[in-house]
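Below: the structure, in structure tokens.
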Amino acid sequence: MSISQKLDKSRIIFTITLCISFLSFIPFVFPKLLLGLASNYPISYDEIYEFGKIGPFIIITNISLVLILLFFRYRKISIISQFMEYFSKYDVSRKKTFFILIIIFTVYILYSWDELFTDQEKILSDYFDVLKALDKVELFPNGSLNILYLRYILLKISHEIFGNIRLIPFLSSCILLLFTYIFTKELSKKRFAGIISVGILIQSNLFLLFDSIATYETFWITFYLISIYLVLKKTRMSFLVFVASLFTKAATFLFLPITLYLITKLKIPNKIKFQSIALYVIPFIILIFVGHYIHIIDFSNSIYFDSRHFWSSISAFSNGMRFDGLILAVFFPILLCLYFKSKTYDDYSKFLMFSLSVLLISPWILNVVLGFTNQPYRLIPFIVFFSIAFGSLFSFKSTYPKYI
Numbered sequence: 006m007s008i009s010q011k012l013d014k015s016r017i018i019f020t021i022t023l024c025i026s027f028l029s030f031i032p033f034v035f036p037k038l039l040l041g042l043a044s045n046y047p048i049s050y051d052e053i054y055e056f057g058k059i060g061p062f063i064i065i066t067n068i069s070l071v072l073i074l075l076f077f078r079y080r081k082i083s084i085i086s087q088f089m090e091y092f093s094k095y096d097v098s099r100k101k102t103f104f105i106l107i108i109i110f111t112v113y114i115l116y117s118w119d120e121l122f123t124d125q126e127k128i129l130s131d132y133f134d135v136l137k138a139l140d141k142v143e144l145f146p147n148g149s150l151n152i153l154y155l156r157y158i159l160l161k162i163s164h165e166i167f168g169n170i171r172l173i174p175f176l177s178s179c180i181l182l183l184f185t186y187i188f189t190k191e192l193s194k195k196r197f198a199g200i201i202s203v204g205i206l207i208q209s210n211l212f213l214l215f216d217s218i219a220t221y222e223t224f225w226i227t228f229y230l231i232s233i234y235l236v237l238k239k240t241r242m243s244f245l246v247f248v249a250s251l252f253t254k255a256a257t258f259l260f261l262p263i264t265l266y267l268i269t270k271l272k273i274p275n276k277i278k279f280q281s282i283a284l285y286v287i288p289f290i291i292l293i294f295v296g297h298y299i300h301i302i303d304f305s306n307s308i309y310f311d312s313r314h315f316w317s318s319i320s321a322f323s324n325g326m327r328f329d330g331l332i333l334a335v336f337f338p339i340l341l342c343l344y345f346k347s348k349t350y351d352d353y354s355k356f357l358m359f360s361l362s363v364l365l366i367s368p369w370i371l372n373v374v375l376g377f378t379n380q381p382y383r384l385i386p387f388i389v390f391f392s393i394a395f396g397s398l399f400s401f402k403s404t405y406p407k408y409i
């Protein structure tokens with residue numbers, strides 16, 4: 006592929022991601038604008054264009070940082086060049102990385118430990134539905150163990166064997182943090198980038214809110230991130246872990262484009278590439294047709310489009326992310342940095358931009374097409390990949406990553 010074709014592809018992905026992002030951020034600035042389109046009742050002009058409380062903060066921080074980036078991008082300043090050169094060579098040793106991660110995980114576990122023994126989760130209406138579902142799962146020989154209930158199997162083990170339904174969900178969040186580091190390091194080839202990504206994820210209010218909740222656990226995104234990592238290491242084995250993520254939450258099928266995009270960018274023989282893609286795609290096609298044939302999947306009833314749901318689903322993004330100030334303040338500058346990097350030497354920046362766009366529209370599809378409500382916990386995959394994108398910017402190597 007020529008340089009001009011790569012630039013065009015970068016520009017297309019960036020433009021699409023930027024448009025989706027702008028649409029997602031509108032409710033922060035004008036909270037009632039999209040809700041007015043979704044409502045059956047008229048809303049006054051003054052109410053529609055009333056600023057949200059954090060709207061000015063998001064506008065000022067993002068525009069300021071973008072302008073600073075553009076200034077430094079096109080004005081060669083020696084201090085900045087030296088700073089960038091320093092980061093291009095700097096990395097943390099294995100020993101230091103190990104101790105830093107130990108400190109981070111120790112602080113995180115101590116901070117979250119008391120949550121494992123609280124009863125706050127019982128106020129959630131879905132909690133009792135989870136308990137009812139656990140009664141259908143038997144762990145021992147006198148009952149049936151259905152792998153399709155993998156989520157409930159893990160919760161059952163946590164509840165009955167360890168005596169705490171929140172323990173394994175919390176362990177899942179710890180593993181999610183670990184693989185956030187591992188995957189970022191694998192993409193950027195820098196341990197320092199992985200540490201940064203863990204720091205961004207662990208400071209997220211939304212992640213800390215759901216990290217130990219059994220009702221809205223992180224099994225699905227943990228399995229999915231492991232499967233994405235295995236795409237880089239053991240491509241054909243990654244499908245098995247992807248299936249595990251589906252058995253914990255079927256919504257991960259919406260992330261399939263991310264996986265397929267990554268596979269197409271691997272520097273592996275085309276035969277293995279096609280086999281890997283087929284391994285993901287063919288079972289889905291068979292499942293859909295068989296499910297429709299035996300009336301498990303009914304397209305006429307389960308798939309529809311409602312424009313009001315579309316606008317309200319976009320507004321739901323602001324409800325889930327409103328307390329994650331750091332991510333909101335730097336999102337567009339980070340996106341711009343990914344674009345700059347994608348124009349030069351690394352394809353993984355395009356992959357990360359593409360991933361963010363898919364993760365932003367996935368809740369829209371669930372709500373608009375399939376009729377599911379937009380719950381804040383469904384934004385955790387977006388936060389995970391944003392953290393990876395943030396950390397990856399601390400790698401300035403002028404060579405392509407090994408696998409992409």
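For any residue, its number in the working numbering is found by taking its place in the sequence shown, counting from 1, and adding 5. A virtual CB, placed ideally from N, CA and C, is assigned to each residue, including glycine. Note that the structure is a prediction, hence the values are computed from the model and not measured.
Other residues of its chain near residue i: CB distance less than 7 Å, five sequence neighbours each side excluded
i: Leu23; result: Leu340
i: Phe395; result: Ile201, Ser202, Ile205, Ile339
i: Gly325; result: Leu211, Pro381, Leu384
i: Val236; result: Ser243, Thr264, Leu267, Ile268
i: Leu28; result: Ile319
i: Ile18; result: Lys355, Met358, Phe359
i: Trp3; result: The structure shown does not extend to residue 3, since the chain is modelled only from 6 through 409, so no value can be given for it.
i: Ser15; result: Tyr344, Ser347, Lys348, Lys355
i: Ile282; result: Leu265, Ile268
i: Asp13; result: none
Sub-8 Å separation of residue i and residue j beta-carbons
i: Thr185; j: Leu206; result: yes
i: Phe260; j: Val112; result: no
i: Ser26; j: Phe337; result: yes
i: Ala321; j: Asn379; result: yes
i: Asp329; j: Arg196; result: no
i: Ser400; j: Ser193; result: yes
i: Cys179; j: Phe104; result: no
i: Ala249; j: Phe279; result: no
i: Ala256; j: Leu371; result: yes
i: Leu136; j: Cys342; result: no
i: Ser209; j: Ile332; result: yes
i: Glu191; j: Tyr132; result: no
i: Phe30; j: Gly57; result: no
Distance between beta carbons of residue j and residue i, contact taken as under 8 Å
i: Tyr285; j: Phe244; result: 6 Å
i: Arg171; j: Ala138; result: Contact doesn't hold; Cβ gap of about 16 Å is too wide.
i: Val246; j: Ile231; result: 5 Å
i: Phe167; j: Leu121; result: Incorrect: roughly 10 Å between the Cβ atoms, too far for contact.
i: Phe411; j: Ile393; result: Past the boundaries of the shown model lies residue 411; the chain is included only from 6 to 409, so the question cannot be answered.
Nearest neighbour of residue i, chosen from the options [CA to CA]
i: Ile290; options: Ala394, Leu271, Phe258, Val135; result: Phe258
i: Gly60; options: Phe356, Ile366, Arg327, Asp352; result: Arg327
i: Glu55; options: Tyr91, Lys37, Leu72; result: Lys37
i: Thr20; options: Tyr344, Lys101, Ser400, Tyr91; result: Tyr344
i: Leu265; options: Thr253, Leu181, Phe252, Arg241; result: Arg241
i: Lys355; options: Leu398, Leu331, Phe315, Pro368; result: Leu398
i: Tyr116; options: Ile366, Ser217, Phe377, Leu72; result: Ser217
i: Phe62; options: Lys141, Phe33, Trp316; result: Phe33
i: Thr270; options: Leu331, Asp352, Ser281, Lys276; result: One detail in the question is off: residue 270 reads as Lys in this sequence, not Thr. Among Leu331, Asp352, Ser281, Lys276, the Cα nearest to that of Lys270 belongs to Asp352.
i: Arg156; options: Ile287, Asn275, Phe294, Phe252; result: Phe252
i: Ala213; options: Ser98, Asp119, Lys239; result: Checking the displayed sequence, the identity of residue 213 turns out to be Leu instead of Ala. The candidate whose alpha carbon is nearest that of Leu213 is Asp119.
i: Leu106; options: Ile273, Asp13, Leu183; result: Leu183
i: Thr102; options: Pro274, Gly199, Tyr91, Arg80; result: Gly199
i: Lys272; options: Thr123, Tyr91, Ser98, Lys238; result: Lys238
6 Å CB neighbourhood of residue i in its chain, flanking five on each side removed
i: Tyr382; result: Phe215, Tyr221
i: Phe315; result: Val373
i: Tyr154; result: Val142
i: Ser323; result: Pro32, Phe33
i: Leu181; result: Thr223, Thr227
i: Asn67; result: Phe337
i: Phe377; result: Leu371
Neighbourhood of residue i by C-beta, 8 Å cutoff - its chain only, sequence neighbours within 5 removed
i: Phe390; result: Leu357, Ser360, Leu361, Leu364
i: Ile114; result: Cys179
i: Ser163; result: Asn169, Ile170, Arg171, Leu172, Ile173, Pro174, Ala219
i: Ile366; result: Ile25
i: Arg78; result: Phe345
i: Ile64; result: Val34
Below-8 Å beta-carbon distance, residue i vs any chain B residue
i: Lys194; result: This model lacks chain B altogether; it includes just one protein chain.
- Entirely within the stretch 340 to 376 and at least 3 residues each: give me those beta strand (DSSP E) ranges in chain order. none
- Task: Could I get the ranges of all uninterrupted alpha helix (DSSP H) runs contained in the stretch 158 to 216, with 4 residues as the minimum, in chain order?
- Result: 172 to 193, 196 to 207, 210 to 215
- Any beta strand (DSSP E) of 3 or more consecutive residues that is wholly inside the stretch 218 to 256: none
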